[in-house]
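Under my numbering, residues -15 to 205 are what the sequence shown spells out, in order.
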Amino acid sequence: FTYGADHVTVGTSESRAAALFRDQLDSAGDSLDIARSGGFVWCMSGPNSAAACGAYARSRQRPLARGDLVLVHCNSYVDGHWTDVTRTYCLGQPDERQRAMYAAVAEARQAALAAIRPGVKAADVDKAARSVLQARGFGDAFKHSTGHGVGFSAINANARPRLHPKSDDVLQTGMIFNVEPAVYVDGYGGLRHCDVVALTDRGPEVLTPFQGDMQQLWLDV
-15 FTYGADHVTV GTSESRAAAL FRDQLDSAGD SLDIARSGGF VWCMSGPNSA AACGAYARSR
45 QRPLARGDLV LVHCNSYVDG HWTDVTRTYC LGQPDERQRA MYAAVAEARQ AALAAIRPGV
105 KAADVDKAAR SVLQARGFGD AFKHSTGHGV GFSAINANAR PRLHPKSDDV LQTGMIFNVE
165 PAVYVDGYGG LRHCDVVALT DRGPEVLTPF QGDMQQLWLD V
């Protein structure tokens, strides 16, 4: 992700931007002592990123523009074990609306992580994140669950534990899942931050801690 962010520029197409991230993913896999690795990356920018919550999200030929939110999603695997990561960049300094979106998602992420511990209902973790977004005026713009199990398929929103308002799952030590609070504003843009978390006896361990500070996602272009 760091490599891709360093090489994305204004005028690059979504498809080309996704390829930059994917090429680095492939190179990293080549350097590891593993039997097999792979994955896919897609990039959606500007108004397109507002549709990143839907099925069949994909990169298009739209050129990236200054001021865009650029949502980059990656599913990769090593020896059959999958991960699920999303970062949303801003090309240049974010405007007031974008800053509000970043702040809301960051606070929702922290609220979810603070709620995660063995024995907690998965629905309560969703409630912690969703309540933050609701309080910040983005309740209707959060269009999916706070997270789901990760590990044995690229994307499976029904994999347990399901961090969903109606989930009856209970968190247990050893579970691996994602935490992905998001805001999608139709016609404007989408912002999602997706991390993979392992639940230990001590609480959540974030396995994807890079670029955890939202300001690291604001690119100087």
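Ideal Cβ positions, reconstructed from N, Cα and C, are used throughout, including at glycine.
Query: Cutoff 7 angstroms; reference S11; Cβ partners in own chain excluding five residues on either side; Result: none
Query: Residue interval of the alpha helix (DSSP H) (run including S(-3)); Result: First-last for S(-3): undefined, no H or E at that position.
Query: Outcome for H65 when other beta-carbon atoms lying within 10 angstroms are tallied against a minimum of 16; Result: exposed
Query: Segments assigned alpha helix (DSSP H), at least 4 residues, entirely inside the region 108 to 187; Result: none
Query: Spatial distance of A141 from G133 (CA atoms); Result: 7 angstroms
Query: Alpha carbon of D179 to alpha carbon of D79, nearest angstrom; Result: 25 angstroms
Query: Contact under 9 angstroms by Cβ, S(-3) with R44; Result: yes
Query: When D197, F126, A36, A138 are compared against G22, the one with the closest alpha-carbon; Result: A138
Query: The alpha helix (DSSP H) enclosing T(-14), as first and last residue numbers; Result: -14 to -9
Query: Segment limits, beta strand (DSSP E) that includes Y40; Result: From DSSP, Y40 is part of no beta strand (DSSP E); its letter is neither H nor E.
Query: Check whether R20 and Y61 have beta carbons under 9 angstroms apart; Result: yes
Query: Of the residues V104, G173, F(-15), the one placed nearest H81, counting alpha carbons only; Result: The amino acid at residue 81 is misidentified as His; the sequence shows Arg. Checked all of V104, G173, F(-15); the closest Cα to R81 is G173.
Query: Three-way DSSP call (helix, strand, coil) for L191 in this model; Result: coil
Query: Reduced DSSP category for L48 - H, G, I as helix; E, B as strand; rest coil; Result: coil
Query: CB contact check: V205 to chain B, cutoff 9 angstroms; Result: No chain B appears in this structure, which consists of one protein chain only.
Query: Contacting residues, own chain, Cβ-Cβ under 7 angstroms from T157 (five flanking each side not counted); Result: P102, L183, T184, D185
Query: Environment of P145 [buried if 16+ CB atoms lie within 10 Å]; Result: buried
Query: At least three beta-carbon pairs within less than 8 angstroms, the region 116 to 131 to the region 85 to 93; Result: yes
Query: Expected contact under 8 angstroms - CB spacing of C27 and V(-6) to nearest Å; Result: At roughly 14 angstroms, the Cβ-Cβ gap does not stay under 8 angstroms, so C27 and V(-6) are not in contact.
Query: Where the beta strand (DSSP E) containing R71 begins and where it ends; Result: 69 to 75
Query: Inter-residue Cα distance where the pair is L117 and A92; Result: 6 angstroms
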